[in-house]
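Chemist:
Protein chains: 2
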Amino acid sequence: MLRYTLRQLEYALAVQERGSVARAAAAFGVAQPSVSAAIAKLEEQVGLQLFIRHHAQGVTAAPQGVRFLAEARNLVALAQDLQRETDAAGTAIEGTLAIGSFMTLAPAFAPQIIAGFRAQYPNVKFRFEEGTQEHLFDGLRNGRHDLALLYSVDLPADLDAVSLAHFSPHILLPAHHPLCKRRKIALGELAGEPLVLLDVMPSRTYFLRVLAAAGVTPEIAFSSPSLEVVRGLVGQGLGYSILITRPHGDHAYDGEALAIRDIADETEDGVIVLASLRQMRKTRLAIVFEDYCVRHFEKLKGRS
Amino acid sequence: MLRYTLRQLEYALAVQERGSVARAAAAFGVAQPSVSAAIAKLEEQVGLQLFIRHHAQGVTAAPQGVRFLAEARNLVALAQDLQRETDAAGTAIEGTLAIGSFMTLAPAFAPQIIAGFRAQYPNVKFRFEEGTQEHLFDGLRNGRHDLALLYSVDLPADLDAVSLAHFSPHILLPAHHPLCKRRKIALGELAGEPLVLLDVMPSRTYFLRVLAAAGVTPEIAFSSPSLEVVRGLVGQGLGYSILITRPHGDHAYDGEALAIRDIADETEDGVIVLASLRQMRKTRLAIVFEDYCVRHFEKLKGRS
DNA sequence: GCGGAGCATAGAATAATCCAATACAAAACC
DNA sequence: GGTTTTGTATTGGATTATTCTATGCTCCGC
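Chains as they are written, first to last, in our numbering: chain C, 1 to 304; chain Y, 305 to 608.
(1) Measure from the C-beta of isoleucine 52 (chain C) to each C-beta in chain Y and report whether the shortest distance is under 9 Å.
(2) Is there contact between the region 97-108 of chain C and the region 58-69 of chain C, where contact requires at least three CB pairs shorter than 8 Å?
(3) Mind checking the region 376-409 of chain Y against chain C and listing, in chain order, the residues whose C-beta falls within less than 9 Å of any C-beta there?
(4) Under the three-state reduction of DSSP, which class applies to alanine 516 (chain Y): helix, strand or coil?
(5) Three-state secondary structure (DSSP) at threonine 283 (chain C)?
(6) Going along chain C in order, which residues have a C-beta closer than 7 Å to the C-beta of valine 622 (chain Y)?
(7) Could you name the residues of the same chain whose beta carbon sits closer than 6 Å to that of aspartate 146 (chain C), not counting the 5 residues immediately before and after it, in chain order?
(8) Cβ closer than 9 Å: which chain Y residues qualify as neighbours of glutamine 279 (chain C)?
(9) How should methionine 1 (chain C) be labelled, buried or exposed, when 16 other C-beta atoms within 10 angstroms of its C-beta is the threshold for buried?
(10) Is alanine 568 (chain Y) close to chain C, meaning its C-beta is less than 9 Å from at least one C-beta of that chain?
(11) Smallest Cα separation from alanine 299 (chain Y): which of Y:Val538, Y:Leu531, Y:Gly492, Y:Val500?
(12) What do you get for threonine 509 (chain Y), buried or exposed, if any count of 16 or more other CB atoms within 10 angstroms of its CB means buried?
(13) Could you check whether leucine 150 (chain C) and alanine 275 (chain C) sit closer than 9 Å to each other, using their CB atoms as the reference points?
(14) Going along the chain, which unbroken runs of the alpha helix (DSSP H) with 4 or more residues stay wholly within the region 191-278 of chain C?
(15) Under 7 Å, CB to CB, which of the residues in the region 8-41 of chain C have a partner in chain Y?
(16) Tell me the DSSP bridge mates of tyrosine 151 (chain C)?
(17) Could you name the residues that DSSP lists as bridge partners for aspartate 138 (chain C)?
(18) Count the CB pairs spanning the region 117-129 of chain C and the region 87-96 of chain C that are closer than 8 Å, and state whether there are at least three.
(19) Does the beta carbon of alanine 365 (chain Y) come closer than 9 Å to any beta carbon on chain C?
(20) Return the first residue and the last residue of the beta strand (DSSP E) that alanine 365 (chain Y) is part of.
(21) Using the rule of at least 16 other Cβ atoms within 10 Å of the residue's Cβ for burial, across every protein chain shown, is glutamine 416 (chain Y) buried or exposed?
(22) If you follow the alpha helix (DSSP H) that glutamate 43 (chain C) is part of, which residue opens it and which one closes it?
(23) Could you tell me how far apart the beta carbons of isoleucine 36 (chain C) and valine 46 (chain C) are, in whole angstroms, since I believe they sit closer than 8 Å?
(24) Which first and last residues belong to the alpha helix (DSSP H) in which isoleucine 93 (chain C) is found?
(25) Does any residue of chain C bring its CB to less than 9 Å from the CB of histidine 449 (chain Y)?
(26) Grab the span of the beta strand (DSSP E) containing glycine 435 (chain Y) for me, first residue to last.
(27) Going along chain C, which residues have a C-beta under 7 Å from leucine 616 (chain Y)?
(28) Does the region 590-603 of chain Y touch the region 488-505 of chain Y, meaning 3 or more C-beta pairs lie closer than 8 Å?
(29) If you compare alpha carbons, which of Y:Phe441, Y:Arg445, Y:Ser530, Y:Ile418 is closest to phenylalanine 432 (chain Y)?
(30) Tell me whether the beta-carbon of arginine 84 (chain C) lies closer than 9 Å to the beta-carbon of leucine 277 (chain C).
(31) DSSP puts serine 101 (chain C) in a beta bridge; with which residues?
(32) Counting beta carbon pairs with one atom in the region 165-175 of chain C and one in the region 255-264 of chain C, are three or more of them shorter than 8 Å?
(33) Count the other CB atoms within 10 Å of the CB of tyrosine 4 (chain C); is the residue buried (16 or more) or exposed (fewer)?
(34) Leaving out five residues before and five after cysteine 484 (chain Y) in sequence, what residues of the same chain have Cβ atoms less than 6 Å from its Cβ?
(35) Name the DSSP bridge partner or partners of histidine 474 (chain Y)?
This is the structure in structure tokens:
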């Protein structure tokens with residue numbers, strides 16, 4: 001337990017610099033006895049006489065006072081730096097931002113967003129991490145992330161989320177599949193077909209819900225937590241898939257051709273949100289980033 | 305003016321380390337609400353939310369809290385270092401000691417004392433300075449010296465002094481001077497002789513006072529503030545001198561032989577003291593040094 | 001001496017800090 | 001699903017710091 005206070009050190013340093021208790025007090029805008037008492041208490045608590053009192057002509061630091069105050073000066077300077085930084089953290093757009101992203105969203109959106117934001121605010125550093133929905137919830141709750149980019153599916157009540165974009169699910173087919181001839185596909189038509197399911201929460205529950213809403217009980221032939229594996233399996237003709245994320249290009253990793261078709265039914269959209277912990281007071285930087293993301297997705301929408 | 309306190313930072317760091325307000329409070333031996341209130345206030349004052357509260361399972365640092373607390377940790381560590389040092393300064397025998405010495409005493413005593421003390425307390429550093437009596441008074445009063453080695457002549461009332469040694473004055477003559485045949489010389493015998501006066505305060509007044517007490521009004525042929533110059537002038541046969549300091553050996557710098565004779569009269573002794581500013585509370589180190597000096601001079605006396 | 005300069009002290013008001021007790025919310029347990 | 005457990009926030013009251021104004025005290029310079 002520390003026995004002295006930063007206030008006492010500030011006063012003592014000002015006294016040393018000005019050679020006067022009264023002038024130091026004036027510099028801080030406090031009464032002279034406040035400073036007088038503060039240094040008296042400081043001396044008592046560190047057990048050293050810091051100042052020599054010259055009646056009617058101020059004070060000067062004692063030898064041990066000089067040694068003490070030299071180190072105290074470092075301490076106070078460090079404290080002032082910290083204060084300046086926190087002042088900046090409240091208002092300035094700089095510092096570090098810890099962002100989490102749902103795995104399948106990360107490659108599609110994170111690079112653009114981060115690069116665009118850094119172009120505008122070059123002093124901002126990013127810590128970026130991708131993970132499952134649960135991992136992100138956990139990250140927000142224990143302070144690993146400031147904000148997280150994810151789907152608003154099964155969002156816990158302790159999180160806040162600003163909606164960034166709505167995406168409709170689509171059907172992914174092997175290029176040679178008979179249904180490919182249709183521009184739009186009704187979910188009912190998939191009833192007998194084998195499904196390759198993207199098996200990662202919350203995507204899994206979302207896709208199954210969409211199919212169930214159309215009265216389809218899918219026959220799950222394969223499932224994988226990896227988007228690219230799912231696309232590869234579909235490319236190999238092992239079934240269809242229902243997905244939201246649309247990677248650029250219509251080929252799987254192994255080169256097999258894929259076809260993307262809209263769904264004829266009315267479906268529940270997948271909503272991409274930027275989530276944060278409700279009880280968390282956001283920094284100015286976080287607010288600005290949130291705002292940037294909203295505008296970024298608006299621009300994307302206008303373009304398509 | 306700093307808006308947060310070291311106490312708040314200490315509490316916040318302990319909370320972060322233990323992940324719990326209650327355990328942090330226990331570690332400091334204070335009640336849990338004290339810590340709770342302290343971090344609430346700290347958050348208000350720095351304008352950042354530092355912790356995320358998990359009901360029923362403690363708290364964890366928020367992302368901006370992690371960044372803030374990392375720097376706060378430096379600050380508190382520095383503050384603790386400073387406290388440890390001041391604790392040591394009060395009790396331990398280490399640190400720096402600023403010693404002043406009267407010019408003519410310095411070469412005779414300072415090297416031995418400093419070397420002897422450092423042999424016993426190797427962690428003590430010395431800042432050493434020699435000067436005139438006035439310079440030393442000034443140095444004590446404005447904190448340039450912790451202690452000063454000087455003659456207790458015309459000692460101002462605002463100084464304290466512990467007596468180290470009494471030295472009788474002696475007569476210095478050229479080796480071939482007729483009076484050299486005598487073992488002791490009465491001051492009256494010097495009445496007509498030219499005096500080479502060590503002209504530095506307070507030696508000057510002291511020597512003149514000793515002569516005046518014996519009824520001698522000296523004929524001052526030469527004077528110099530340098531002891532070695534005085535000895536040189538006496539060696540050249542330009543007069544006698546009355547001195548206290550007895551350098552080792554009976555030759556001047558230029559090799560001329562000198563003779564030292566006691567004074568037959570009862571004379572006022574020169575008292576060497578270690579002076580300090582009365583209003584100054586001494587450090588433990590200063591007290592130990594003072595004590596060492598007393599014992600050192602006692603040993604010298606026993607040896608002669 | 002006597003006035004001026006400047007720190008220390010006294011006393012009162014205000015603010016911070018502390019404690020004990022309690023309210024409260026989520027989690028865990030049955 | 002309710003009940004207990006765990007851990008933080010709040011409340012109210014006592015203690016202690018900090019601050020103020022006013023005054024005392026001591027040395028300096030004239």
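Backbone N, C-alpha and C define an ideal beta-carbon position, used for all residues, glycine too.
All of these numbers come straight from a predicted model, not from anything done at the bench.
Modeler: A quick look at the data gives this:
(1) Sequence index remark: in the first sequence, residue 52 (chain C) carries index 52 (1-based). Answer yes: the Cβ-Cβ gap between isoleucine 52 (chain C) and chain Y drops below 9 Å somewhere.
(2) No, the region 97-108 of chain C is not in contact with the region 58-69 of chain C.
(3) Cβ contacts with chain C: Ala376, Asn378, Leu379, Val380, Leu382, Ala383, Gln384, Asp385, Leu386, Gln387, Glu389, Thr390, Asp391, Ala393, Gly394, Thr395, Gly399, Thr400, Leu401, Ala402.
(4) Within the second sequence, residue 516 (chain Y) is the residue found at index 212, counting from 1. Per DSSP, reduced to three states, the secondary structure at alanine 516 (chain Y) is helical.
(5) Translated into positions along the first sequence, residue 283 (chain C) becomes position 283. Coil, per DSSP.
(6) Here chain Y comprises residues numbered 305 to 608, so residue 622 (chain Y) is not present and cannot be evaluated.
(7) What you label residue 146 (chain C) is simply residue 146 of the first sequence in a count that begins at 1. So the qualifying residues of the chain are Leu97, Ala98, Ala286.
(8) As a first step, residue 279 (chain C) must be located in the first sequence, where it is residue number 279. Here the neighbours are Gln353, Ile356, Arg357.
(9) In the first sequence, the residue the question calls residue 1 (chain C) occupies position 1. Methionine 1 (chain C) counts as exposed, since fewer than 16 other C-beta atoms from the protein chains shown sit within 10 angstroms of its C-beta.
(10) Translated into positions along the second sequence, residue 568 (chain Y) becomes position 264. Not an interface residue.
(11) Only positions 305 to 608 of chain Y appear in the structure, and residue 299 (chain Y) is not among them; the question remains open.
(12) Within the second sequence, the letter at position 205 stands for residue 509 (chain Y). Residue environment analysis places threonine 509 (chain Y) among the exposed positions, since fewer than 16 neighbouring C-beta atoms fall within 10 angstroms of its C-beta.
(13) Residue mapping note: residue 275 (chain C) aligns to position 275 of the first sequence, counting from 1. Residue mapping note: residue 150 (chain C) aligns to position 150 of the first sequence, counting from 1. Result yes, Cβ atoms of alanine 275 (chain C) and leucine 150 (chain C) sit closer than 9 Å.
(14) The alpha helix (DSSP H) runs of length 4 or more contained entirely in the region 191-278 of chain C are, from start to end of the chain, 203-213, 227-235.
(15) Residues of the region 8-41 of chain C with a C-beta atom less than 7 Å from some C-beta of chain Y are Glu10, Phe28, listed in chain order.
(16) Position 151 of the first sequence holds residue 151 (chain C). DSSP output for tyrosine 151 (chain C) lists C:Ile272 as bridge partner(s).
(17) Numbered from 1 along the first sequence, position 138 holds the residue referred to as residue 138 (chain C). Looking at the DSSP output, aspartate 138 (chain C) sits in no beta bridge, so it has no partner there.
(18) Verdict: yes, contact present.
(19) Taking the second sequence and counting its residues from 1, one reaches residue 365 (chain Y) at position 61. Judged by the 9 Å Cβ criterion, alanine 365 (chain Y) is in contact with chain C.
(20) Residue 365 (chain Y) sits at position 61 when you count from the first residue of the second sequence. Alanine 365 (chain Y) -> beta strand (DSSP E) spans 363-365.
(21) Along the second sequence, one-based indexing puts residue 416 (chain Y) at 112. Exposed, by the Cβ-count rule.
(22) The residue you call residue 43 (chain C) lines up with position 43 of the first sequence. It spans 32-46 - the alpha helix (DSSP H) in which glutamate 43 (chain C) sits, taken as one unbroken run.
(23) Against the first sequence, residue 36 (chain C) aligns to sequence position 36. Against the first sequence, residue 46 (chain C) aligns to sequence position 46. In the sequence under discussion, the amino acid at residue 36 (chain C) is serine, which differs from the isoleucine named in the question. That belief does not hold up - the Cβ atoms of serine 36 (chain C) and valine 46 (chain C) are roughly 17 Å apart, past 8 Å.
(24) The sequence position of residue 93 (chain C) within the first sequence is 93, counting from 1. Element bounds for isoleucine 93 (chain C): n/a, residue is neither H nor E.
(25) What you label residue 449 (chain Y) is simply residue 145 of the second sequence in a count that begins at 1. Chain C, which has a Cβ nearer than 9 Å to the Cβ of histidine 449 (chain Y), makes this yes.
(26) Locating residue 435 (chain Y) in the second sequence gives position 131, counting from the first residue. Following the DSSP letters along the chain, one finds glycine 435 (chain Y) inside the beta strand (DSSP E) bounded by residues 428-435.
(27) No information on residue 616 (chain Y) is available, as it lies outside the stretch 305 to 608 that chain Y covers here.
(28) For the pair of segments examined, the region 488-505 of chain Y was found not to touch the region 590-603 of chain Y: the number of CB pairs separated by less than 8 Å stays below three.
(29) In the second sequence, the residue the question calls residue 432 (chain Y) occupies position 128. Closest option to phenylalanine 432 (chain Y), Cα to Cα, is Y:Ile418.
(30) Indexing the first sequence from 1 puts residue 84 (chain C) at position 84. Indexing the first sequence from 1 puts residue 277 (chain C) at position 277. No; because the gap between Cβ atoms is not below 9 Å, this pair is not in contact.
(31) The residue you call residue 101 (chain C) lines up with position 101 of the first sequence. Within the DSSP bridge table, the entry for serine 101 (chain C) names C:Glu130, C:Leu149 as partners.
(32) They touch, by the three-pair rule.
(33) Here residue 4 (chain C) refers to the residue found at position 4 when the first sequence is read from its first residue. Label assigned to tyrosine 4 (chain C): buried.
(34) The residue given as residue 484 (chain Y) occupies position 180 in the second sequence. Only Leu477, Ala563 meet the Cβ criterion.
(35) Numbered from its first residue, the second sequence carries residue 474 (chain Y) at position 170. According to DSSP, histidine 474 (chain Y) bridges with Y:Leu547, Y:Asp566.
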